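Structure record follows, encoded as structure tokens.
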Amino acid sequence: MEAAARSWRRSSSSHSLFQFFIFSLAILLLMLNVPTVSASQTTNKASRKTYKSFIKKACNSATYPSDCYKSLSKYASAIKTDPEKLYRVSLFVTIKAARKTSFSISTLWRLKGLSRTERAIVRDCASTISYAIDEMKQSLTVMANIQGADHKSELIENIRTWVAAALTDEGTCTDEFDGQKVSYEVNKNIKKTVLNLSKLTSNCLALLNTLSNRS
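Straight run, no breaks: the sequence shown in full-length UniProt numbering ends on number 215.
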């Protein structure tokens, strides 16, 4: 399973990146589409309230409901009340956070005075978070094929496998800290950011139920 996953990850990385770019652009365009007519603004305000209520209800089933709502509510206009859009945005937000985490880890290489243990943690976490990003991008690729698919339940399980693998990789990184003495900078730039990323990934896993209940 691990060898197959690594092979799939390499062969699909370009397609995954393209899907991620297109969806990111779509979200940006939707967020910039601000109505200028007063009546439209009133309607839009009522709609946004409906959209946010939908997101809040969905997030109630997440592992970390408040983190879920905080991360997704700003995209209410893009999500509307569509479970598939909700999940795509959830993946988008998590991949974005993973990239930020990866950058935070990479900055530690420039720190002077890292111990051998700290360098090992930085190296291992850089690898596992990179794997997690690839796995989340694979989930996004599967999501691109889910609309109208006859085998939707199978695709949902594929997504579940990729997201669960990403969560495992993130956990592998934080496990590196067990029983180890590390500096404040290493703890702040790795453990804290990875724990926050893990919350988003865990929420992604829980939110799959919004798709399962619709399939």
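We put the beta carbon where it would ideally sit given N, CA and C, even for glycine. For clarity, every value in this text was computed on a predicted model and none was experimentally measured.
Over what stretch of residues does the alpha helix (DSSP H) that includes residue i continue unbroken?
| i | result |
| --- | --- |
| Lys199 | 193-212 |
My assumption, with CB atoms under 8 angstroms, is that residue i sits in contact with residue j. Please give the rounded CB distance.
| i | j | result |
| --- | --- | --- |
| Ser211 | Tyr75 | According to the sequence as given, residue 211 is Leu; it is not Ser. Incorrect: roughly 17 angstroms between the Cβ atoms, too far for contact. |
| Asp67 | Lys192 | That pair is no contact at about 14 angstroms. |
| Ile129 | Ile95 | That pair is no contact at about 11 angstroms. |
| Ser77 | Arg48 | 7 angstroms |
Touch check for the stretch 164-182 and the stretch 109-121: three-plus C-beta pairs under 8 angstroms?
Because the criterion of three Cβ pairs below 8 angstroms is met, the stretch 164-182 and the stretch 109-121 touch.
Three or more C-beta pairs under 8 angstroms: does that hold for the stretch 157-167 against the stretch 124-136?
The stretch 157-167 and the stretch 124-136 touch, with no fewer than 3 CB-CB distances between them shorter than 8 angstroms.
Quick check on the DSSP output: what are the complete alpha helix (DSSP H) runs of length 4 or more inside the UniProt domain "Pectinesterase inhibitor" (50-207), in order along the chain?
Qualifying alpha helix (DSSP H) stretches, in chain order: 65-72, 76-79, 83-106, 116-143, 152-175.
Does the stretch 188-206 come within contact of the stretch 61-68, defined as at least 3 CB pairs closer than 8 angstroms?
Contact between the stretch 188-206 and the stretch 61-68 is present, because at least three Cβ pairs lie under 8 angstroms.
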